[in-house]
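Structure record follows, encoded as C-alpha cells.
In this note's numbering, the protein residues as written are 240 to 594.
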C-alpha cells in the first residue's frame, strides 16, 4: 500500500481541502496519516475522520512585534526534528501540504529525507509559510492561473482547489427545517470564516431589522461570538460553527455573505451561489483576500464590498441588489470551466511517487 502524509493547519482553510482528498486517496490505495500542531483546530477535524494524527511543535512568523517572535523559531526547529523522526517512522512515499506554519518543518524534513512533497497554494499570491516550504517542494499546486507564473523553478501547476463532495449533496428542505424556517422567504447565509469575523458580525447585526423584512438569516458567527440578546428572534438563527448540517444550509441559501478566503470562495463557485465578499482589509492581512475577491468580481462570480465602505445602509443595499440580479451571477458561474481538482492532485501524487 502507498503511504501519504497530509499536513497543514492553523485555520479550516488549511485543513478542509485535505479532508476533501481523503475519499479519493483511500480509493486509490493510499494509507493516510496526518501531521499537525498539538492543539490546532486541525487535530479535531482530522481525528473525526478516523485518520492517524501526529502533533508536532509549531511556531509562527509574525509581521508585527510579539515576544513570541523570539521563542517561536526554536519551536519550529524542534518541530523539524520531530517531523524528521515521524517521517522515518512512517516512511511515507509522498507528502501533501496545504500550508500553515505547522507544515513548514514537515516539508523541509521531507526534502532532507528525499521524500517528494507537493504543496497546495489556494491564494493568488503564496503566503509566507508556503514561500518558506517551497524550498522543499517537488511541485506547487495552484488555485489561480495567475499564481502559476509566480512560482520559481517551473514547479507551479494549475489544479484548482479540492472541494468536499458532501457539500454538493445538501438538501434545502432539511436546511430550512433545521433552522425552523419557511420556504416562502429567501435565506441569507453569513459566513465569517472558521474563526468568525467580528466585523461582519457587527455589520450584519447592525442591518438586522432591515434585512429581516426581506430575508431569513443563518449567521455562522464563530466561537464565542453569539449574541444572546438575539436568541429567539423570528427568522434569525446564529451558530458558532456548523459541521454535519453545513451542506443543507448551503442548499437552503439564496445568497451568501462571506470573507474571501480562497477555499471558501471556491466552494461558493462550485455550488453556484450568488455571493457578496467582504475581504480582510490590509490592516489585518497581507491582502490575499482582496486579490481573491477582485478576481472573482472581475469574472462576474461575486460582488465585493471593502471593509472601509461597509455601513448598515450599504450592506442592506448591496444584499438587495445582488439578490435582485442573482441569476446574472449564476449564469457567469455556470460558464466557468472548472478543473477536477481531486483527480488532478491524486494523479500528481502518483507521478511524484513514480519519479
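Glycine included, every Cβ here is placed at the ideal spot set by N, Cα and C. Just so it is clear, the structure is predicted and the values come from calculations on it, not from any experiment.
Nearest to residue i by CA position, among the options, is which residue?
{"i": "residue 463", "options": "475, 483, 445 and 440", "result": "440"}
{"i": "residue 480", "options": "247, 436, 412 and 513", "result": "436"}
{"i": "residue 240", "options": "251, 269, 259 and 250", "result": "269"}
{"i": "residue 255", "options": "594, 377 and 337", "result": "337"}
{"i": "residue 325", "options": "314, 527, 352 and 313", "result": "352"}
{"i": "residue 455", "options": "461, 466 and 471", "result": "471"}
{"i": "residue 567", "options": "404, 540 and 589", "result": "540"}
{"i": "residue 431", "options": "450, 416 and 504", "result": "504"}
{"i": "residue 451", "options": "535, 242 and 420", "result": "420"}
{"i": "residue 586", "options": "244, 246 and 267", "result": "267"}
{"i": "residue 545", "options": "589, 460, 442 and 559", "result": "442"}
{"i": "residue 328", "options": "242, 281, 313 and 361", "result": "242"}
{"i": "residue 409", "options": "460, 489 and 465", "result": "489"}
{"i": "residue 280", "options": "473, 485, 461 and 497", "result": "461"}
{"i": "residue 477", "options": "438, 449 and 429", "result": "429"}
{"i": "residue 569", "options": "387, 388 and 536", "result": "536"}
{"i": "residue 438", "options": "578, 293, 534 and 551", "result": "551"}
{"i": "residue 387", "options": "563, 361 and 411", "result": "361"}
{"i": "residue 559", "options": "261, 282 and 449", "result": "449"}
What does residue i pair with, by DSSP beta-bridge criteria?
{"i": "residue 380", "result": "359 and 396"}
{"i": "residue 241", "result": "269"}
{"i": "residue 478", "result": "459"}
{"i": "residue 497", "result": "430 and 516"}
{"i": "residue 555", "result": "In the DSSP output, where bridge partners are listed per residue, residue 555 has none listed."}
{"i": "residue 473", "result": "Beta-bridge pairing links residue 473 to no other residue."}
{"i": "residue 246", "result": "274 and 336"}
With C-beta atoms as the reference, is residue i less than 9 Å away from residue j?
{"i": "residue 675", "j": "residue 357", "result": "Since the first residue shown for the chain is 240 and the last is 594, residue 675 is missing from the structure and cannot be characterised."}
{"i": "residue 365", "j": "residue 379", "result": "yes"}
{"i": "residue 538", "j": "residue 571", "result": "yes"}
{"i": "residue 495", "j": "residue 507", "result": "yes"}
{"i": "residue 375", "j": "residue 297", "result": "no"}
{"i": "residue 278", "j": "residue 271", "result": "no"}
{"i": "residue 556", "j": "residue 402", "result": "no"}
{"i": "residue 501", "j": "residue 363", "result": "yes"}
{"i": "residue 424", "j": "residue 453", "result": "yes"}
{"i": "residue 528", "j": "residue 509", "result": "no"}
{"i": "residue 359", "j": "residue 335", "result": "yes"}
{"i": "residue 521", "j": "residue 446", "result": "no"}
{"i": "residue 284", "j": "residue 322", "result": "no"}
{"i": "residue 295", "j": "residue 318", "result": "yes"}
{"i": "residue 371", "j": "residue 525", "result": "no"}
{"i": "residue 263", "j": "residue 581", "result": "yes"}
{"i": "residue 549", "j": "residue 514", "result": "no"}
{"i": "residue 345", "j": "residue 244", "result": "yes"}
{"i": "residue 426", "j": "residue 414", "result": "yes"}
{"i": "residue 444", "j": "residue 469", "result": "yes"}
{"i": "residue 591", "j": "residue 377", "result": "yes"}
On the CB-based measure, 16 or more other CB atoms within 10 Å of its CB, does residue i come out buried or exposed?
{"i": "residue 458", "result": "buried"}
{"i": "residue 542", "result": "buried"}
{"i": "residue 487", "result": "buried"}
{"i": "residue 391", "result": "exposed"}
{"i": "residue 593", "result": "exposed"}
{"i": "residue 491", "result": "buried"}
{"i": "residue 275", "result": "buried"}
{"i": "residue 289", "result": "exposed"}
{"i": "residue 404", "result": "exposed"}
{"i": "residue 576", "result": "exposed"}
{"i": "residue 512", "result": "buried"}
{"i": "residue 483", "result": "exposed"}
{"i": "residue 398", "result": "buried"}
{"i": "residue 393", "result": "exposed"}
{"i": "residue 320", "result": "exposed"}
{"i": "residue 291", "result": "exposed"}
{"i": "residue 531", "result": "buried"}
{"i": "residue 257", "result": "buried"}
{"i": "residue 473", "result": "exposed"}
{"i": "residue 534", "result": "buried"}
{"i": "residue 497", "result": "buried"}
{"i": "residue 564", "result": "exposed"}
{"i": "residue 422", "result": "exposed"}
{"i": "residue 369", "result": "buried"}
{"i": "residue 246", "result": "buried"}
Comparing the CB of residue i with every heavy atom of the ligand GDP, is any distance shorter than 8 Å?
{"i": "residue 268", "result": "As for the ligand GDP, it is missing from this structure, which has no ligand bound."}
Output the residue ranges of the alpha helix (DSSP H) runs that lie fully inside the region 512-543 and measure 4 residues or longer, sorted by chain position.
527-537
Inside the region 265-299 only - alpha helix (DSSP H) runs reaching at least 4 residues
280-286
Report the residue ranges of all alpha helix (DSSP H) runs contained in full by the region 314-361; include only those spanning at least 4 residues, in chain order.
342-351
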